[in-house]
Structures are given as C-alpha cells and as structure tokens.
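Trainee:
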Amino acid sequence: MKYPVTLTCGALWLASVSSLAWAADVPQGTVLAEKQLLVRHIKDEPASLDPAKAVGLPEIQVIRDLFEGLVNQDAKGNIIPGVATRWQSNDNRVWTFTLRDNARWSDGSPVTAEDFVYSWQRLVDPKTTSPFAWFAALAGISNAQNIIDGKAAPQTLGVTAVDARTLRVQLDKPLPWFSNLTASFAFYPVQKANVESGANWTRPGNLIGNGAYVLKDRVVNEKLVVVPNSHYWDNAKTVIQQVTFVPINQESSATKRYLAGDIDITESFPKNLYQKLLKDIPGQVYTPPQLGTYYYAFNTQKGPTADERVRLALSMTIDRRLMAEKVLGTGEKPAWHFTPDVTAGFVPQPSQMESISQAELNAQAKALLQAAGYGPGRPLQLTLLYNTSENHQKIAIAVASMWKKNLGVDVKLQNQEWKTYIDSRNTGNFDVIRASWVGDYNEPSTFLSLLTSTHSGNISRFNDPAYDKILSQAAQETSDKARNDDYNAAEKIIMSKAPVAPIYQYTNGRLIKPWLKGYPINNPEDVAYSRTMYIEKHP
Numbered sequence: 012m013k014y015p016v017t018l019t020c021g022a023l024w025l026a027s028v029s030s031l032a033w034a035a036d037v038p039q040g041t042v043l044a045e046k047q048l049l050v051r052h053i054k055d056e057p058a059s060l061d062p063a064k065a066v067g068l069p070e071i072q073v074i075r076d077l078f079e080g081l082v083n084q085d086a087k088g089n090i091i092p093g094v095a096t097r098w099q100s101n102d103n104r105v106w107t108f109t110l111r112d113n114a115r116w117s118d119g120s121p122v123t124a125e126d127f128v129y130s131w132q133r134l135v136d137p138k139t140t141s142p143f144a145w146f147a148a149l150a151g152i153s154n155a156q157n158i159i160d161g162k163a164a165p166q167t168l169g170v171t172a173v174d175a176r177t178l179r180v181q182l183d184k185p186l187p188w189f190s191n192l193t194a195s196f197a198f199y200p201v202q203k204a205n206v207e208s209g210a211n212w213t214r215p216g217n218l219i220g221n222g223a224y225v226l227k228d229r230v231v232n233e234k235l236v237v238v239p240n241s242h243y244w245d246n247a248k249t250v251i252q253q254v255t256f257v258p259i260n261q262e263s264s265a266t267k268r269y270l271a272g273d274i275d276i277t278e279s280f281p282k283n284l285y286q287k288l289l290k291d292i293p294g295q296v297y298t299p300p301q302l303g304t305y306y307y308a309f310n311t312q313k314g315p316t317a318d319e320r321v322r323l324a325l326s327m328t329i330d331r332r333l334m335a336e337k338v339l340g341t342g343e344k345p346a347w348h349f350t351p352d353v354t355a356g357f358v359p360q361p362s363q364m365e366s367i368s369q370a371e372l373n374a375q376a377k378a379l380l381q382a383a384g385y386g387p388g389r390p391l392q393l394t395l396l397y398n399t400s401e402n403h404q405k406i407a408i409a410v411a412s413m414w415k416k417n418l419g420v421d422v423k424l425q426n427q428e429w430k431t432y433i434d435s436r437n438t439g440n441f442d443v444i445r446a447s448w449v450g451d452y453n454e455p456s457t458f459l460s461l462l463t464s465t466h467s468g469n470i471s472r473f474n475d476p477a478y479d480k481i482l483s484q485a486a487q488e489t490s491d492k493a494r495n496d497d498y499n500a501a502e503k504i505i506m507s508k509a510p511v512a513p514i515y516q517y518t519n520g521r522l523i524k525p526w527l528k529g530y531p532i533n534n535p536e537d538v539a540y541s542r543t544m545y546i547e548k549h550p
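Okay, so the sequence shown: first residue is 12 according to the numbering used here, each after it adds one.
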C-alpha cells in the first residue's frame, strides 16, 4: 500500500467506480491455455482459514482468494476498490465506505455493512483470541484497545452500519492512511451464520466466503484446492479455473517439483541454487525488493536474554554484510534498522552499528558479555528456534557459528513445524527465535508498532514505556518530518536495547513459469490474488 504524501483538506474521495477493480488483464491477441489450472507453492500447512485466526503467509495467501475486504491492492500496491466502491473522510477521523450492490457471499446472499461490523467486532473480541486483534487498535478504531483489554464490550467498537451499503468507522485519532489498512486480511468480512454454524465452518463444503474463489478440497499437508466463486461480483473476469495450493516447507523439494513441472510458482528457492537457476532457467528467477525484515527475537522476560547486555552482544556479532552478500546472495540488504529502507515515509538516520567495523563490534560485544557474567569459565548457553526451512536452517547455522567464534556461545539449534513453532512463539518458550515481518501497509509503523507493549505480535515481550510513548506520539504528528524523527528515535531504542536483531531486508525471491502471467512481482508487500493471473498457451 502507498503512504499518501499529499492530503486534501476537504472530503477525500479515493475511488468511486467498480471498473477500477483489478482483475485478470489479458492483452488482446493472447492465446490462452485450454486448461487454466494453477499450482501455487506455500511454505507450510495453513494454521487456519479463518481471517481472524490467521498467523502468517501460509494461510494468508489462501485467505486472499477466499475472502475480500473493503479495498484491494493493484500490481504496484496502490489501493483500489474491493467490496467498497468509494470511501470518504473530511477529517481523517470519521471514514465512510460505500459498498457495491452486487457484492455476494458464495451462497448468493448479499454482503452488507453489518457483515463488516460483526467481523470487526469479532476480531477484537477477547473470546476470539485473534492473533491480529492488535491491528484494529493500530488502525485507531475507537475503543479497539479497550475491547481487546476486556475493558469494554465488542459492541462499543467504533464501526457502524448506517444502512446495508454504508459503513461508518470512527477513529480515536486522525489517520490519513486508514483506508490503506482496510486491505489487510484481518479486516476481511466473515458471514455470521457461517461462523456460528459450528467449529468446522472453514472446511470444504462448509466455508462461505466473498472472495473470487471457494474452497473445493483440502488434504492436510498435501493440498488446498479452490475454484471460482460464481457469485463473486467480478467473476466474469476470473480466468484461472482452479488453484491448488501445495504446502512444502523445504525449498529444495518445492524447487524440484517446480523444475519437474508440478508447480507453476514457488514462494522461495534455496539460496545456494541462485546462480545455477539463473543459468538453467533464465527469465524464471525473480528477486525484487520486498517490504519485509528477517530478524531474530530475543526473550526479554526470562533466561539469559532477559539481560539486555546479552541481547546486544548477540546482535552486534551477527555480521549482516556477510549474511546478505555471502550466506544469502540474492539481492538482500543488511538490516541496520528494523524498518526496511524501501518503506514509504521513512528516511533512516545512519545506524551506529553500521558505521563500526565488524571486528570492533565483535570486541565490544565480547566486553558486554563478560560484564553480564559470561566467558570461557561460564559460556553462555542458549537455544535458537526456527520453523522448518532449509533457508532458515542455513541462516541459523551461520549465526550460531558467529556467536561461537566471537563470543564462545554454545548454541543448540531447534527446528519445529509451523503450528508447533507458532505455539512456542506465542507461549514464550524460546531463548532466541527466528521471525520475520512483511508490512501490512507501506508505512514505518507497521514494523515499529510490533515492539509496543500491547502488541500481540511483540514476540520478544519487550516492554519499554519510552518506546510506547514515541510510537504514540508519532501517530499524532501532523508533520512528516516530526513523524520521521519519532521513527528514528524508536529505531535507536531498538538498537540500544536489542529486543530484536534485524538481520536482512527481504527480496521477493521466487520462481515463476514463463507462461504464467499477471503475478504482481513488483508489489512491495507481495499481495497476490489468483484472480489476476492467467496461463498462456505453451508447449
């Protein structure tokens, strides 16, 4: 999503007609394949297909096909109409969305403003235990945080159905880019009757969505199959007639299946195969910048990493240049800040760590660890947890080697399958854990808010009142410069207290068959809808 640089003082009409919606754009004269069957790789078995229960990319990729929010993104990340045909705000505090009259659930019933009211109230309801409830509070929807904290009823959330086609949202502070946030899967509507039909409502044959596709089949750890939703308002422009999502957590296995012709697009590929793939399948290897940061989170509440000297020492001895250029080598950049350089509205100040040689950083880190009571006679011992993936393993081995060589740290590497890893992460059962964040919207707060004390995505359990105050202040700023200064102040706290160790800035590395068209490879948030794709005739 794009951060709006220029704002008008009067009513802000950002979109108005359904024809602006992005569907498969097939150039005149294109010869399509007879069978429009797409196979997409996802990195793990989805934890849930309930938008309010989604945790990460494995489920989000599928959910984007099954549901649709108020707005969508185009190929470059700009917001365009979804269920809403237009949206308006006079003061960036009260927003009004007008819904299209032909939006339908997959059972043929209309999608109404009341569906969004129910879904957003459900998102923040503590009974739902949504891992993304925090997003409503970050968006500034009135009473969201109080509801999440159990201090107010879900019905007090600042969202109202004026009528069947008009949704009004009240924010507790002006937020110029609020409409951008509504593209997030967390704000997708769900049908009340469907959700309340029973615990199995997300299974094939039961799930009722409003997206371009419906769930036809699911075999756990093997495949999820979706087919066009005949009631989708723009179904006439959907070209792909079946999408099969294949969960594979080993990049080498996914790549082998891609090369064998079993998969049309991968989520990644082994970094060590980059040069070979460029040579063997030119034109099918993509590595554009992505709005994301790969990092390690430290447990700040218990164990040896509760000591910020230990955390800082560990962070300092990660050779980020070596990681980006040698261990990875597919265009990634060293992460000297938690916020990626490509983030709109962010002008980073030089990091102190960036300006010091790695040898000096190692020396300072050794002194810090000694001050914390660790050394040859009492080596630091810790466990580094990551979810199963060859690339994650490769990075973990490299970092563990750096810690051992420079600090004498004994590191136990532990990998877990996605759902088990998520449970360990949520319960704080780790010393150091691999993590990543791809922006939900293109503005620094999508990254920096993760470390505020009330954020459910705060994996490290970092709690710093000064940090919270800076982020709260940034949200109130009316000057871009003042807001950027706040963000840089937050970055300095991250560097000095090291609740996390940013390692590298993402590239969107993937393999795509030359006959698959319409994939938005340059979308900075990697938001991709299968309905925009099509397959050309090929041998």
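C-beta: ideal position from N, C-alpha, C; glycine also.
1) Cβ atoms of Val410 and Ile329: under 9 Å apart, would you say?
2) Would you mind working out which of Ile406, Gly439, Thr304, Thr438 sits nearest Leu424, comparing C-alpha positions?
3) In chain order, which continuous runs of the alpha helix (DSSP H) of length 4 or greater are located wholly inside the stretch 306-330?
4) Taking the C-alpha atoms as reference points, what is the distance between Asp537 and Arg521?
5) Going by the DSSP bridge assignment, what does Leu235 pair with across the sheet?
6) Tell me, please, whether the stretch 161-173 touches the stretch 206-221 by the rule of three or more beta-carbon pairs shorter than 8 Å.
7) Is the stretch 444-456 in contact with the stretch 184-198, if contact means three or more CB pairs nearer than 8 Å?
8) From Glu401 to Leu110, what distance separates their C-alpha atoms?
9) Helix, strand or coil for Pro15 per DSSP?
10) Using CA atoms only, rank isn't needed, just tell me which of Asn519, Asn533, Asp245 is closest to Ala35.
11) Starting from Phe108, follow the beta strand (DSSP E) in both directions and report where the run begins and ends.
12) Give a yes or no on whether the C-beta atoms belonging to Leu396 and Ile444 are separated by under 9 Å.
13) Any idea what DSSP makes of Lys548, helix, strand or coil?
14) If you reduce the DSSP assignment to three classes, tell me which class Trp6 lands in.
15) For Asn373, count the other beta carbons within 10 Å of its own beta carbon; 16 or more makes it buried, fewer makes it exposed. Which is it?
16) Using 10 angstroms around the beta-carbon of Glu590, count the other beta-carbons present and answer buried if the total reaches 16, otherwise exposed.
17) With 16 as the cutoff for other CB atoms within 10 Å, does His348 come out buried or exposed?
18) Relative to the C-alpha of Tyr269, which candidate in Glu45, Arg332, Val50 has its C-alpha closest?
19) What's the gap between the Cα of Ala355 and the Cα of Pro258?
20) Do you know offhand how far Val338's Cα is from Pro351's?
21) According to the Cβ coordinates, are Gln261 and Thr399 closer than 9 Å?
22) Do you know offhand how far Arg494's Cα is from Ser241's?
23) So, with DSSP's three-state summary, where would you put Val42?
24) Within this structure, are the beta carbons of Ala80 and Pro200 separated by less than 9 Å?
25) Any idea which residues DSSP pairs Trp98 with across the strands?
26) Apart from the five residues just before and just after Gln312, which ones in its own chain have a Cβ nearer than 6 Å to its Cβ?
27) Expressed to the nearest angstrom, what Euclidean distance is found between the alpha-carbon atoms of Lys13 and Leu391?
28) Quick check on the DSSP output: the alpha helix (DSSP H) that includes Val128 runs from which residue to which?
29) In the DSSP output, which residue or residues are listed as bridge partners for Ala444?
30) How big is the Cα-Cα spacing for Ala477 and Leu323?
31) How would you label Ser326, buried or exposed, when you count the other beta carbons within 10 angstroms and need 16 or more for buried?
32) Going by DSSP, what residue range makes up the beta strand (DSSP E) through Arg179?
33) Under the rule that 16 or more other beta-carbon atoms within 10 Å means buried, what is Gln184, buried or exposed?
34) Run through DSSP, which three-state label would Ala86 get?
35) Going by C-alpha distance, which of Glu547, Asp55, Ile470 is nearest Thr438?
36) Under 9 Å between the Cβ atoms of Ala82 and Ala247?
Mentor: Quick answer:
1) As a first step, residue 329 must be located in the sequence shown, where it is residue number 318. As a first step, residue 410 must be located in the sequence shown, where it is residue number 399. Result yes, Cβ atoms of Ile329 and Val410 sit closer than 9 Å.
2) Along the sequence shown, one-based indexing puts residue 424 at 413. Looking at the Cα atoms, Ile406 is the closest of the given residues.
3) Counting whole runs of 4 or more residues, the stretch 306-330 contains the alpha helix (DSSP H) stretches 319-327.
4) Taking the sequence shown and counting its residues from 1, the one referred to as residue 537 is at position 526. Taking the sequence shown and counting its residues from 1, the one referred to as residue 521 is at position 510. Rounded to whole angstroms, Asp537 to Arg521 spans 11 Å at the Cα level.
5) By one-based count along the sequence shown, residue 235 stands at place 224. Paired residue(s): Arg229, Phe256.
6) Not touching, per the Cβ criterion.
7) In short, these stretches touch, since the Cβ pair count reaches three.
8) Here residue 401 refers to the residue found at position 390 when the sequence shown is read from its first residue. Here residue 110 refers to the residue found at position 99 when the sequence shown is read from its first residue. Note on geometry: alpha-carbon atoms of Glu401 and Leu110 lie some 44 Å from one another.
9) The residue labelled residue 15 in the question sits at position 4 within the sequence shown. Unreliable placement is indicated for Pro15, whose pLDDT of 27 sits below 50; no coordinate value is reported for it.
10) Within the sequence shown, the letter at position 24 stands for residue 35. The residue with the shortest Cα to Cα distance from Ala35 is Asp245.
11) In the sequence shown, residue 108 corresponds to position 97, counting from 1. Run containing Phe108: 105-110, per the beta strand (DSSP E) assignment.
12) By 1-based counting over the sequence shown, the position of residue 396 is 385. By 1-based counting over the sequence shown, the position of residue 444 is 433. In contact: Leu396 and Ile444 (Cβ atoms closer than 9 Å).
13) Position 537 of the sequence shown, counting from 1, holds the residue named residue 548. Lys548 falls in the coil class under three-state DSSP.
14) No answer is possible for residue 6: it lies beyond the span of the chain, which begins at 12 and ends at 550.
15) Start at 1 with the first residue of the sequence shown, and residue 373 comes out as number 362. By the neighbour-count rule (16 or more Cβ atoms within 10 Å), Asn373 is buried.
16) Because the chain is modelled from 12 through 550, residue 590 falls outside the range shown and cannot be assessed.
17) Along the sequence shown, read from residue 1 onward, the residue named residue 348 stands at position 337. Classification for His348: buried.
18) Counting from one through the sequence shown, the residue named residue 269 turns up at place 258. Of the listed residues, the one whose Cα sits closest to Tyr269 is Val50.
19) Locating residue 355 in the sequence shown gives position 344, counting from the first residue. Locating residue 258 in the sequence shown gives position 247, counting from the first residue. Taking the Cα positions, Ala355 is about 32 Å away from Pro258.
20) Reading the sequence shown from its first residue, position 327 is the one you call residue 338. Reading the sequence shown from its first residue, position 340 is the one you call residue 351. Cα-Cα distance, rounded: 19 Å.
21) Taking the sequence shown and counting its residues from 1, the one referred to as residue 261 is at position 250. Taking the sequence shown and counting its residues from 1, the one referred to as residue 399 is at position 388. The Cβ atoms of Gln261 and Thr399 lie closer than 9 Å to each other.
22) Within the sequence shown, the letter at position 483 stands for residue 494. Within the sequence shown, the letter at position 230 stands for residue 241. The straight-line gap from Cα to Cα measures roughly 46 Å.
23) Here residue 42 refers to the residue found at position 31 of the sequence shown. In the displayed model, Val42 falls within coil according to three-state DSSP, outside both helix and strand.
24) Taking the first residue of the sequence shown as 1, we reach residue 80 at position 69. Taking the first residue of the sequence shown as 1, we reach residue 200 at position 189. Checking the sequence, you will find Gly at residue 80 rather than Ala. Taking 9 Å as the Cβ cut-off, Gly80 and Pro200 qualify as a contacting pair.
25) To locate residue 98, count along the sequence shown from 1; it is residue 87. Note: Trp98 sits in a beta bridge opposite Phe108.
26) What you label residue 312 is simply residue 301 of the sequence shown in a count that begins at 1. In chain order, Arg472 place their CB closer than 6 Å to the CB of Gln312, counting only its own chain and leaving out the 5 sequence neighbours on each side.
27) Here residue 13 refers to the residue found at position 2 of the sequence shown. Here residue 391 refers to the residue found at position 380 of the sequence shown. Low per-residue confidence applies at Lys13: pLDDT is 31, beneath 50, and the placement is therefore not dependable enough to give any value.
28) The residue labelled residue 128 in the question sits at position 117 within the sequence shown. Where Val128 is concerned, the enclosing alpha helix (DSSP H) stretches over 124-135.
29) Within the sequence shown, residue 444 is the residue found at index 433, counting from 1. Note that residue 444 is Ile in the sequence shown here, rather than Ala. According to DSSP, Ile444 bridges with Ala308, Leu396.
30) Within the sequence shown, the letter at position 466 stands for residue 477. Within the sequence shown, the letter at position 312 stands for residue 323. C-alpha separation (whole angstroms): 18 Å.
31) In the sequence shown, the residue the question calls residue 326 occupies position 315. With 16 or more other Cβ atoms within 10 Å, it is buried.
32) The residue you call residue 179 lines up with position 168 of the sequence shown. Per DSSP, Arg179 is one residue of the beta strand (DSSP E) stretching across 177-181.
33) Here the question's residue 184 lines up with position 173 in the sequence shown. Just to set this straight, residue 184 is Lys in the shown sequence, not Gln. Its Cβ having fewer than 16 others within 10 Å, Lys184 is exposed.
34) Indexing the sequence shown from 1 puts residue 86 at position 75. Ala86 falls in the coil class under three-state DSSP.
35) Position 427 of the sequence shown, counting from 1, holds the residue named residue 438. Looking only at Glu547, Asp55, Ile470, the smallest Cα-Cα distance to Thr438 is reached by Ile470.
36) Working through the sequence shown from its first residue, we reach residue 82 at position 71. Working through the sequence shown from its first residue, we reach residue 247 at position 236. According to the sequence provided, residue 82 is Val. The question's Ala does not apply to it. With respect to the 9 Å criterion, Val82 and Ala247 are not classified as neighbours on the basis of their beta carbons.
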